[in-house]
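In the working numbering, the protein residues as written are 89 to 409.
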Amino acid sequence: MPDIYPWLQPLWGKWQALSETHRVSGAMLCSAPQGSGIKKLAELFVHTLVCSHSTAEPCGFCHSCELAKSGNHPDIHWISPEKEGKSITVDQIRACNQWALESSQLAGKRVIIITPADAMNESASNALLKTLESPADNCVFLLLAHNSHRLLPTIISRCQKWTISEPKLEESYQWLLSQTNQPCNYVGIRLCNGAPLKALEFFEQKTYLDFKKVELALHNLLSSQGADYNQVWLSVKDNPVERLSWLAIIMSDIQKVHFGSSELGMCEKSAELADLVHYSAAYNAMLSINKMKNQLEHFTGLNAELLLTNWLIELQEEICS
Numbered sequence: 089m090p091d092i093y094p095w096l097q098p099l100w101g102k103w104q105a106l107s108e109t110h111r112v113s114g115a116m117l118c119s120a121p122q123g124s125g126i127k128k129l130a131e132l133f134v135h136t137l138v139c140s141h142s143t144a145e146p147c148g149f150c151h152s153c154e155l156a157k158s159g160n161h162p163d164i165h166w167i168s169p170e171k172e173g174k175s176i177t178v179d180q181i182r183a184c185n186q187w188a189l190e191s192s193q194l195a196g197k198r199v200i201i202i203t204p205a206d207a208m209n210e211s212a213s214n215a216l217l218k219t220l221e222s223p224a225d226n227c228v229f230l231l232l233a234h235n236s237h238r239l240l241p242t243i244i245s246r247c248q249k250w251t252i253s254e255p256k257l258e259e260s261y262q263w264l265l266s267q268t269n270q271p272c273n274y275v276g277i278r279l280c281n282g283a284p285l286k287a288l289e290f291f292e293q294k295t296y297l298d299f300k301k302v303e304l305a306l307h308n309l310l311s312s313q314g315a316d317y318n319q320v321w322l323s324v325k326d327n328p329v330e331r332l333s334w335l336a337i338i339m340s341d342i343q344k345v346h347f348g349s350s351e352l353g354m355c356e357k358s359a360e361l362a363d364l365v366h367y368s369a370a371y372n373a374m375l376s377i378n379k380m381k382n383q384l385e386h387f388t389g390l391n392a393e394l395l396l397t398n399w400l401i402e403l404q405e406e407i408c409s
C-alpha cells in the first residue's frame, strides 16, 4: 500500500474506488487546508490514473509510471502561480484548455492539476469555466483549493467535490510523535491551524519557543500596566502576519476561560491572562487583530509596529475602562 498520511486515507479509498470502477469525473475539486499533504495524495491519484497496468494504484514499472515518477509524463500538467503569492493567469489556463483538446500522447488519460485553484484571477476562472462547460473526453481537471469559497460558484457546481477537514488534535499529536524527536504539544498544533505537516516544521524548527516569547511579552505588559510595548513588538517583528494570528488565538482562549471551557491545546497562560483581560476586551481585541492581520496580508508598506502598538494601547484602555 502506498505511504499515505493517516488523515488522508479515507479520501484515498474513495478516489481509488472511482479509479477502479472507471467513474472518475472530468472535473474534480478538493478543498484542503495548507499543510494537510493533499498535493502528495493528488500526485499518487494522478499517477494511478495514467498507469497502464493498474487502476488501484501506480504499478511503478510501466513506461507511463516511469515518466510520471520522473516528472516528464506528457499527459500530466501541473499549473501553479508562476511566483509565490501571485495569481494563476488566463494565459496559463488557456494552455490548459489547449491540452484538454489534444489527444493523449500515451493513449491514456490526460490530467491537469490546478493548485491552488483559488489563486486563479477572474479572467483565468472564466476561461476555465468555458472548458468545464464542455468537458473533453478522457481528460480530468483536478482542482486543489485551500479556500474553495473564492472560486466561482459556477466552477464549483461543475466539479465533483471533496473536502478534507483538519485532523483531530490527538491524531495529529500521535503522528507528530512518530515523526520527530522534538518536544510536541497540542498548543503548537492549534497555532498551525491543525495542519500536521505545518506543525511538524513548527516543532522541528523550534518555532514554539518563539510563541512562548510572544505569550510572555504580552503577559508582562498587561500585568504591569506599563507602556513598554517594545518587548511585544520584538517578539512579533520577525513574522508579523503569522504571530498576529497567535495573538488572536490567545485572545480566543481568554474568552474560553471566561466561559469555563478547558479545551485541549489551550495556551498555557490563558487563565492568568483571563484574570487581566475581561471577556469583552478579549473579544474586541481578537476582532481587531484579525483585521490588522488581513490588512498586512493585502497591503504592502503598512507599518506593522505602529499597528501593533495601537492595538496594545486600545487593549489596555479597554481593560481599564
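Note that the Cβ used here is the ideal one computed from N, Cα and C, for glycine as well.
In the DSSP assignment, what residue or residues form a beta bridge with residue i?
i: I92; result: DSSP, once it has assigned bridges, lists no residue as partnering I92.
i: V134; result: Partner(s): none; V134 has no beta bridge.
i: W250; result: C118
i: V228; result: V199
i: M208; result: I176
i: W399; result: Beta-bridge pairing links W399 to no other residue.
i: H165; result: I200
So what's residue i in DSSP terms, helix, strand or just coil?
i: F387; result: coil
i: C150; result: coil
i: I338; result: helix
i: A105; result: helix
i: A233; result: strand
i: L240; result: coil
i: S333; result: helix
i: K301; result: helix
i: L310; result: helix
i: R182; result: helix
i: T219; result: helix
i: C408; result: helix
i: E346; result: Strictly speaking, residue 346 in this sequence is His, with Glu absent from that position. In the structure shown, H346 sits in a helix (DSSP, three-state: H, G or I).
i: Y371; result: helix
i: N269; result: coil
i: V112; result: coil
i: E258; result: helix
i: V320; result: helix
i: D363; result: helix
i: N281; result: coil
Report the CB separation of residue i from residue j in whole angstroms; it is logged as a contact under 8 Å.
i: I252; j: A212; result: Not really, about 24 Å apart at Cβ, beyond 8 Å.
i: V275; j: V199; result: Between V199 and V275 the Cβ distance is about 40 Å, and since that is not below 8 Å, they are no contact.
i: W187; j: H165; result: 5 Å
i: E351; j: K344; result: 6 Å
i: L189; j: L217; result: Wrong, their Cβ atoms sit about 16 Å apart, outside the cutoff.
i: K249; j: L117; result: 5 Å
i: L99; j: L132; result: Between L132 and L99 the Cβ distance is about 11 Å, and since that is not below 8 Å, they are no contact.
i: S333; j: M374; result: 11 Å between Cβ atoms; not a contact.
i: L264; j: C272; result: 5 Å
i: I201; j: V134; result: 6 Å
i: D206; j: N235; result: 5 Å
i: L384; j: P328; result: 6 Å
i: A369; j: E406; result: 4 Å
Tell me which same chain residues have a C-beta within less than 6 Å of the C-beta of residue i, skipping the five on either side of it?
i: T136; result: S107, E145, P146
i: M208; result: I176
i: R331; result: V302, V324
i: T397; result: Y317
i: S168; result: T203
i: I181; result: A212, A215, L216
i: N382; result: none
i: Y296; result: G276
i: P223; result: G114
i: L220; result: A115, R246
i: M354; result: D341
i: Q404; result: none
i: S119; result: A233, S236, T251
i: R238; result: D206
i: V178; result: S211, A212, A215
I want to check one thing, is the minimum distance from the CB of residue i to the heavy atoms of the ligand ATP below 7 Å?
i: I181; result: Among the components of this structure there are no ligands whatsoever, and the ligand ATP is therefore not found.
Starting from the C-beta of residue i, find all residues in its chain whose C-beta is less than 7 Å away, skip the five residues before and the five after it, and write them out in chain order.
i: A283; result: P121, Q122, G123, S124, E254
i: S311; result: L364
i: A195; result: none
Leaving out the 5 sequence neighbours to the left and right, which residues in its chain are closer than 8 Å to residue i when beta-carbon positions are compared?
i: C408; result: Q313
i: Q193; result: P162, D163
i: T268; result: L288, F291, E292
i: H346; result: A362, H366, Y367, A370
i: P94; result: P255, E259, W263
Query raised in the report: Is the stretch 374-387 close to the stretch 298-313, with three or more CB pairs under 8 Å?
Result: no
Requested in this report: Could you tell me whether the stretch 247-267 touches the stretch 156-174, where touching means 3 or more Cβ pairs closer than 8 Å?
Outcome: no
Query raised in the report: Within the chosen definition, does the stretch 315-332 reach the stretch 388-398 through at least 3 CB pairs nearer than 8 Å?
Result: yes
Query raised in the report: Three or more C-beta pairs closer than 8 Å, one from the stretch 91-110 and one from the stretch 230-244: is that the case here?
Result: no
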